[in-house]
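For reference, the structure discussed in these notes is given below.
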Amino acid sequence: MTTSTDVGGLSRLVSRVGRQLDARMSDALDVSGISAEQWRVLSVLVPEPGLTMSEIAFATSLPAPSISRLVDKLVSDNWIYRRTDSLDRRRILVTFSARGRTRMKKLERQGQLLERELAQAVGAEELASALAVLGRLSAYLET
């Protein structure tokens, strides 16, 4: 038995799911006054505070000029701040402000509620499998 995969369909589906997830989070984001793109920036800082702008761009798949604009806005709104790396003074790291960390915890709770909803809709194991497959595809395509 042979199977074929519609790579274009996969690309469209992954993009659509991303937009749908952003839309589901939009109410919580609107209350917090941030956009879906800003949320993506903040969400990559949760497990790894102290990333460079390049690392944020890579993790969010957003272009570097967009990252600069988004980080500038988040800094001015006191979600995050920039600091010099203590080991390499040439590197500028982005990390949460105390206020931003508190505000992000509220958004994380909304994200956890959405994750539970998705797990109920498709099953926790299938959701975990989908994430694992997408992670492996991403790692492969980076090479």
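Residue numbers (our numbering): 940 to 1082.
Using N, Cα and C, we set each Cβ at its ideal position, and we do this for glycine too.
Worksheet entry | Rounded Cβ spacing between glycine 1039 and isoleucine 1019 (contact assumed at less than 8 angstroms) | Indeed they touch by this definition, with Cβ atoms about 5 angstroms apart.
Item to complete: Grab the span of the alpha helix (DSSP H) containing threonine 999 for me, first residue to last.
Response: 992–999
Practice prompt. For isoleucine 1031, count neighbouring Cβ atoms within 10 angstroms of its own Cβ and tell me buried if that reaches 16, exposed if not.
Written response: exposed
Fill in: Buried versus exposed, by CB contacts within 10 Å (16 or more), serine 971
buried
Worksheet item: Would you say methionine 992 touches the ligand MG, meaning its beta carbon is less than 7 angstroms from a heavy atom?
Response: You won't find the ligand MG in this model; it holds no ligand whatsoever.
Discussion item. Taking its Cβ as the centre, do 16 or more other Cβ atoms sit within 10 Å of alanine 996, making it buried, or is it exposed?
Written reply: buried
Item to complete: Under 8 angstroms Cβ to Cβ from aspartate 1016, same chain only, skipping five residues before and after it: list those, please.
Response: Here the set comprises Gly972 and Ile973.
Item to complete: Kindly indicate the opening and closing residues of the alpha helix (DSSP H) around arginine 1022.
Response: Where arginine 1022 is concerned, there is no enclosing alpha helix (DSSP H), although the beta strand (DSSP E) it sits in stretches over 1019–1023.
Practice prompt. Counting only the same chain and skipping the five closest in sequence on each side, list residues whose C-beta sits under 6 angstroms from that of alanine 975.
Written response: Contacts found: Asp961.
Worksheet item: Which value, in whole angstroms, describes the spacing of the CA atoms of phenylalanine 1035 and leucine 1046?
Response: Distance between the alpha carbons of phenylalanine 1035 and leucine 1046: 14 angstroms.
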